[in-house]
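In my numbering, the protein residues as written are 26 to 320.
This is the structure:
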């Protein structure tokens with residue numbers, strides 16, 4: 026039987042462990058930024074675009090728990106990867122506090138054009154709409170960031186072309202899959218940005234995209250080893266995190282950078298994603314270990 030002294034020691038140890046775990050989830054893991062590096066084989070990719078580097082940020086959630094200083098650090102880390110283009114797959118802000126942070130951060134974001142070949146492109150996410158999409162768009166425009174709202178941009182290297190498309194938020198916006206796909210010139214490889222990953226089958230069905238980049242799920246934000254995410258959002262449950270094969274299209278769902286609903290991350294660190302495009306080998310590409318083969 027435990028003595029009173031031993032019981033108190035055990036109780037204090039347990040309480041310290043709980044407090045320490047909460048502290049790590051609140052401050053430690055959110056700062057443990059990881060970089061995920063992918064090589065994606067692209068059918069029909071011109072030699073001029075061999076090694077083209079796309080750096081993806083997602084789910085920044087500027088606002089109560091993320092200020093412009095943290096954003097500056099993320100941008101610095103992203104630019105250190107020497108991207109040809111920087112993309113953000115939605116959820117810039119959380120609430121009106123986040124809109125104010127984004128507006129203050131315009132000078133930081135405006136400098137990105139000097140450090141990339143092609144600048145920065147984005148789509149909006151559901152939280153951007155739920156806050157104030159008009160103010161978010163004005164801030165992004167002031168920063169020189171181009172929103173692809175059911176739109177396509179063409180990168181050029183001599184006579185070679187590569188398309189970047191963006192589909193509006195599928196939860197709260199007005200997404201147009203077929204109309205956007207029809208804007209891609211025939212024979213030009215295209216990747217697409219769409220905030221919510223679970224619409225990948227619809228994107229793939231257009232037959233025009235080799236890769237969809239998404240976010241939204243945060244990877245669950247809090248994961249239990251051996252069990253997976255505690256909670257996943259609507260439209261982020263089928264493809265919650267990582268690289269998937271959806272028919273003939275690749276899908277990558279980023280764990281994102283910020284936090285939503287609760288200010289915690291556990292066993293689910295934030296990430297920046299570096300995608301390097303490579304010409305497809307003549308033999309059939311074999312997915313690397315850990316890739317999910319979607320139905």
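Note that CB positions come from ideal geometry on N, CA and C, so glycine has one too.
Where the alpha helix (DSSP H) containing residue i begins and where it ends
{"i": "residue 274", "result": "Premise fails: residue 274 lies in the beta strand (DSSP E), 274 to 278, not in any alpha helix (DSSP H)."}
{"i": "residue 147", "result": "Here residue 147 belongs to no alpha helix (DSSP H); instead the beta strand (DSSP E) covers 145 to 148."}
{"i": "residue 100", "result": "93 to 104"}
Strand pairing of residue i, partner residues [DSSP]
{"i": "residue 64", "result": "301"}
{"i": "residue 180", "result": "187"}
{"i": "residue 248", "result": "254"}
{"i": "residue 204", "result": "Looking at the DSSP assignment, residue 204 forms no beta bridge with any residue, so it has no partner."}
{"i": "residue 118", "result": "87"}
{"i": "residue 296", "result": "59"}
{"i": "residue 291", "result": "247"}
Same chain, Cβ closer than 6 Å to residue i, five either side skipped, listed in chain order
{"i": "residue 197", "result": "151 and 154"}
{"i": "residue 233", "result": "206, 209 and 215"}
{"i": "residue 304", "result": "70 and 75"}
{"i": "residue 229", "result": "271, 272 and 274"}
{"i": "residue 255", "result": "247"}
Own chain residues within Cβ distance below 7 Å of residue i, not counting five before or after
{"i": "residue 46", "result": "Confidence in residue 46 is poor, its pLDDT being 45 and thus under 50, which makes the residue's placement unreliable; the coordinate value appears in the next sentence. The answer is none, since no qualifying residue turns up."}
{"i": "residue 344", "result": "Because the chain here runs from 26 to 320, residue 344 falls outside it and cannot be looked at."}
{"i": "residue 165", "result": "147 and 172"}
Of the residues the options, the one placed nearest residue i, counting alpha carbons only
{"i": "residue 144", "options": "130, 103, 124 and 120", "result": "103"}
{"i": "residue 321", "options": "75, 63, 114 and 62", "result": "A query on residue 321 cannot be resolved here, the shown segment of the chain reaching from 26 to 320 and no further."}
{"i": "residue 58", "options": "302, 304 and 290", "result": "290"}
{"i": "residue 227", "options": "253, 200 and 241", "result": "200"}
{"i": "residue 171", "options": "183, 193 and 182", "result": "193"}
{"i": "residue 80", "options": "101, 67, 94 and 93", "result": "101"}
{"i": "residue 242", "options": "249, 63, 258 and 86", "result": "258"}
{"i": "residue 189", "options": "131, 127 and 109", "result": "109"}
{"i": "residue 296", "options": "99, 78 and 169", "result": "99"}
{"i": "residue 141", "options": "83, 105 and 116", "result": "105"}
{"i": "residue 117", "options": "161, 78, 138 and 111", "result": "161"}
{"i": "residue 249", "options": "279, 294, 223 and 88", "result": "294"}
Collapsed DSSP secondary structure at residue i in the structure displayed
{"i": "residue 5", "result": "With the chain covering 26 to 320 only, the question about residue 5 has no answer from this structure."}
{"i": "residue 215", "result": "strand"}
{"i": "residue 135", "result": "helix"}
{"i": "residue 111", "result": "strand"}
{"i": "residue 59", "result": "strand"}
{"i": "residue 236", "result": "strand"}
{"i": "residue 221", "result": "coil"}
{"i": "residue 171", "result": "strand"}
{"i": "residue 127", "result": "helix"}
{"i": "residue 228", "result": "helix"}
{"i": "residue 152", "result": "helix"}
{"i": "residue 46", "result": "Note on residue 46: pLDDT 45, under 50, position unreliable in the model; the coordinate value appears next. Correct three-state label for residue 46: helix."}
{"i": "residue 306", "result": "coil"}
Continuous beta strand (DSSP E) stretch holding residue i: start and end
{"i": "residue 78", "result": "78 to 82"}
heavy atom of the ligand NAD below 6 Å from residue i C-beta
{"i": "residue 256", "result": "Here there are no bound small molecules, and the ligand NAD is not part of this structure."}
Close-in-space but distant-in-sequence residues of the same chain around residue i (CB under 8 Å, 5 per side omitted)
{"i": "residue 306", "result": "66"}
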